[in-house]
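Listed in order, the protein sequences are those of chains A and B.
When the letters of the first sequence are read in order and numbered with this note's numbering, they come out as residues -9 to 379.
When the letters of the second sequence are read in order and numbered with this note's numbering, they come out as residues -9 to 379.
There are 2 protein chains.
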Amino acid sequence: MIADNLYGFPRAEYEGRVDRAQRLMKQYCLDALLLTSMDNIRYFLGVDSTFWETYTRPWFVLVPAEGKPIAIIPAIGEALFAQTWVEDIRTWPSPRPEDEGTSLLAAAIRNLPRRYGRVGAELGLELRLGMPILQLSAIIGSIPEVEIVDGAGLIWQLRMIKSSAEVEKIRRAIAIAGAVFDQVPSFVTIGDSERKILRDFRGLLNAEGAGAIPTLICRSDVGGPFEITGGPRDRPIADGDLLFIDTGTTFDGYFCDYDRNYQVGRATDALRFAQDKVWEAHEVGLRKARPGITAAEVFKEMSEALSSVGADLNSNGRMGHGLGLRLTEPPSIRLGDETVLQPGMVICVEPALEYEAGKIVLHEETVLITEDGAELLTRRAPKQLVQIS
Amino acid sequence: MIADNLYGFPRAEYEGRVDRAQRLMKQYCLDALLLTSMDNIRYFLGVDSTFWETYTRPWFVLVPAEGKPIAIIPAIGEALFAQTWVEDIRTWPSPRPEDEGTSLLAAAIRNLPRRYGRVGAELGLELRLGMPILQLSAIIGSIPEVEIVDGAGLIWQLRMIKSSAEVEKIRRAIAIAGAVFDQVPSFVTIGDSERKILRDFRGLLNAEGAGAIPTLICRSDVGGPFEITGGPRDRPIADGDLLFIDTGTTFDGYFCDYDRNYQVGRATDALRFAQDKVWEAHEVGLRKARPGITAAEVFKEMSEALSSVGADLNSNGRMGHGLGLRLTEPPSIRLGDETVLQPGMVICVEPALEYEAGKIVLHEETVLITEDGAELLTRRAPKQLVQIS
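Structure (structure tokens):
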């Protein structure tokens, strides 16, 4: 009863991912990868579930250096995992806090063919472990013959490069969000609250075929949002506002990360100047994002283009990042990130400027790095702000 | 610029939570709580953000045993946190992987008044740490004078008991989902796919005023869903199916967890018999859930009521759980969980039966434990299945 097309990918896609991971395991001297987070497990098995939302039951997948993945999961998930291509499924009756899969997982790790005595886990950069720390400690304590080491280097080296099938999912997520951004001037009017705009936007995303919508931010303030991380307010948008909408919408688990700005009524000269500057810095960044260039170099050129304004850059600390099964993935477009851009990377390029205290202009576009350049996946925002009246 | 009413709660609500936490810290011999996860930080500060979706930037809040909380956060969040009642906000320019707030947090812990030399963190039961494990290790290594211990006991003792203001949020989430469940027979017809039903359901939740909808499950199979954890399929619902819809919908961050079953066309006698049995076992559980009774006792009575059927119970491993800022919270309604039900607890009671191999009947209602009994927060499902044609 194995589905032929697992959440949009043929089985060969997953087998290819495991093959590449296994080649990297040799470089990293690992006997296996231990995966616990939704995105890493979905990456290898194609399983789609919102059960990660509950923290009662952890889920484990071992990808050994040779052979097929092993799923060690709560019994409640057995029938679901049986729909994927994983054949070796081991379960325990969960919840069982006194042994929440700990002994089963430890035994599975202990019985792996041992070449290096090292297993990579989600310990480091931009990773979160899908079980309590105390449980990991208990597992480590019960298998002294195996060292649990950081798998972040391998995981991101693998996941940073998207297959063309993955890029298609991201394109779909972008197309869905883009279709709704296009409609903003027709459903938003002066006097609407952030809360109403966000609700309408979310309804349209859903109607356009979005999957989960983990992030959707709407901020409107005089001359620009004072911050871009919080939930919506009841404040009505007013003449002179810059309306900012940013969404991490998914399709088959893959994200877009996509923002647009709208001028509400009249703009000041200062805002228009800042808008032009950010748009032009964006052009610089989008031209620079090419194979062989480092993430830091892309940042540097955009920041130089912006610094001529003489204003503070912004508090974001970076001007872009990778994108995939998570809203943000390595690399970061920032000074110090020497990751070399390579074909298959999908990068959000997002210059921002706090042109006056508490007035932010932030633009975001997404590119696919190709063999000989880059392809813009979003439709380029117009230099002239779209108007809302 | 402090909002008077922070995401639906007056400031006194948050101050009361900190007071109660501080009283418990003395019992648990802790100098502070270190919080990193969205729900725990929202619980104390009222901050609403989807920025936890990105794993690039960790967020830290210290609740000391005396005095006010301290936020140690990426600079990008400063303006948002300044809207909450927290006064002591310390920031670093994030991302900065070489020191992603580590030194700032270590210094803050080091400088806490030290009585016990112990700080409670999210290490244990049903908790996930909001930073990489390697970062926690670095912090622990740099403050040998302080022991980082498990804060799960305190956190859940505190959060298990809901204030009346919290219960109101859960009531709203339940009312929103309930209004959509009522409409199911009017927008679902034989031939619809799980994917379409789920999309329509999500659109209506949004229109009814839902916040984020982290979980929404739709499964339909002959005689009952074969599993209840996965994403939707294109399979059209057909005569003889039992259609199962389950949602974790939020309002101001608080969840409902709520399912309903619908008979598609004709039911077999076996399904009708199982449906009756689960409904009656539910009556038993709902009568049993009272202050002074343990979670295990509620499970035991429901499982006895079901076991007369002579079929396997189910693979869930429990028949209910707590509910609040997370979809599932302690306690678990299962053998072995000796948590005594107390006034203020909000408990989902969910008996289930796999009455034939791969045919599950699962019912879920939510109760508030009161001083002298329990109040049903959901509207009791009818014993007779609602029909879809």
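From the three backbone atoms N, C-alpha and C, an ideal C-beta is built for every residue, glycine too.
Check: Taking only beta-carbon atoms, is P85(A) less than 8 Å away from chain B?; Outcome: yes
Check: Please report how far the alpha carbon of G107(B) lies from the alpha carbon of I99(B), in whole angstroms.; Outcome: 10 Å
Check: Would A128(B) and T240(B) qualify as a contact pair, given that the criterion is a beta-carbon distance under 8 Å?; Outcome: no
Check: Just checking, does the region 186 to 193 of chain B make contact with the region 226 to 238 of chain B on the three C-beta pairs under 8 Å criterion?; Outcome: yes
Check: Can you tell me whether A260(B) is helix, strand or coil according to DSSP?; Outcome: helix
Check: For Q125(B), which of L119(A), Q374(A), S210(A) has the nearest alpha-carbon?; Outcome: L119(A)
Check: Have a look at V339(B), E56(B), I350(B) and flag the residue whose alpha-carbon is nearest the alpha-carbon of A371(B).; Outcome: V339(B)
Check: Rounded to the nearest angstrom, how far is the Cβ of L95(B) from that of A142(B), given a contact under 8 Å?; Outcome: Going by Cβ atoms, the distance from L95(B) to A142(B) rounds to 20 Å, so no, they are not a contact pair.
Check: Restricting to runs no shorter than 4 residues, where is the alpha helix (DSSP H) found entirely within the region 93 to 134 of chain A?; Outcome: 123 to 132
Check: Skipping 5 residues on each side, what residues in its chain have a beta carbon closer than 6 Å to that of Q17(B)?; Outcome: none
Check: On a Cα-Cα basis, can you pick out the residue from D229(B), N251(B), V351(B), P320(B) that is closest to K267(B)?; Outcome: V351(B)
Check: Measure how close the beta-carbons of A69(B) and F216(A) come, nearest whole angstrom, since I'm counting them as under 8 Å.; Outcome: 5 Å
Check: Under 7 Å between beta-carbons, which chain A residues line up against E77(B)? List them in chain order, please.; Outcome: Chain A residues near E77(B): none, gap ~17 Å exceeds 7 Å.
Check: When you compare only the Cα positions, how much space is there between L195(B) and I166(A)?; Outcome: 20 Å
Check: Check whether the Cβ atoms of L144(A) and L313(A) sit closer than 8 Å, and answer yes or no.; Outcome: no
Check: Helix, strand or coil for P59(A)? Go by DSSP, reduced to three states.; Outcome: coil
Check: In three-state terms, what does DSSP make of W82(A)?; Outcome: strand
Check: At a CB-CB cut-off below 8 Å, which residues of chain C make contact with R1(B)?; Outcome: Of the protein chains in this structure, namely A and B, none is chain C.
Check: Checking contacts by CB at 8 Å: is R316(B) closer than that to chain A?; Outcome: yes
Check: To the nearest angstrom, report how far apart L261(A) and V254(B) are at their CA atoms.; Outcome: 57 Å
Check: Is the CB-CB distance between E116(A) and T92(B) below 8 Å?; Outcome: no
Check: Is there a Cβ from chain A that is less than 8 Å from the Cβ of G141(B)?; Outcome: no
Check: Would you say L296(B) and L343(B) are within 8 Å of each other, going by their C-beta atoms?; Outcome: yes
Check: Name the chain A residues whose beta carbon is nearer than 7 Å to that of G114(B)?; Outcome: P122, L124
Check: If we count the other Cβ atoms within 10 Å of its Cβ and call it buried at 16 or more, is D(-6)(B) buried or exposed?; Outcome: With a pLDDT of only 49 at D(-6)(B), under 50, the local geometry of the prediction cannot be trusted, and no value is derived from it.
Check: Could you tell me which chain B residues have their CB closer than 9 Å to the CB of I66(A), listed as they occur along the chain?; Outcome: E217, I218, T219, N304, S305, N306, G307
Check: Using a Cβ cut-off of 8 Å (strictly closer), state whether Y45(B) contacts chain A.; Outcome: yes
Check: Going by the beta-carbon positions, is the gap between L14(A) and Q147(A) smaller than 8 Å?; Outcome: yes
Check: With a 10 Å radius around its C-beta and 16 neighbouring C-beta atoms as the bar for buried, classify N368(A) as buried or exposed.; Outcome: Checking the displayed sequence, the identity of residue 368(A) turns out to be Thr instead of Asn. Counting Cβ neighbours within 10 Å, T368(A) comes out buried, since at least 16 surround it.
Check: Against P341(B), what residues of chain A qualify as contacts under a CB-to-CB distance less than 8 Å, listed in chain order?; Outcome: What P341(B) touches in chain A: nothing, since even the nearest Cβ is about 15 Å away.
Check: Give the straight-line distance between the Cα atoms of P103(B) and H311(A), rounded to the nearest whole angstrom.; Outcome: 39 Å
Check: DSSP three-state label for S210(A), please.; Outcome: strand
Check: Report buried or exposed for E77(B), applying the criterion of at least 16 other Cβ atoms within 10 angstroms of its Cβ.; Outcome: exposed
Check: Where does F245(B) sit, in a helix, a strand or coil, going by DSSP?; Outcome: strand
Check: Taking only beta-carbon positions, decide if I151(A) is within less than 8 Å of chain B.; Outcome: no
Check: What in chain B is Cβ-close to A251(A), meaning under 9 Å?; Outcome: Looking at the sequence shown, residue 251(A) is not Ala but Asn. Per Cβ cutoff of 9 Å: no residues; N251(A) is ~17 Å from chain B at best.
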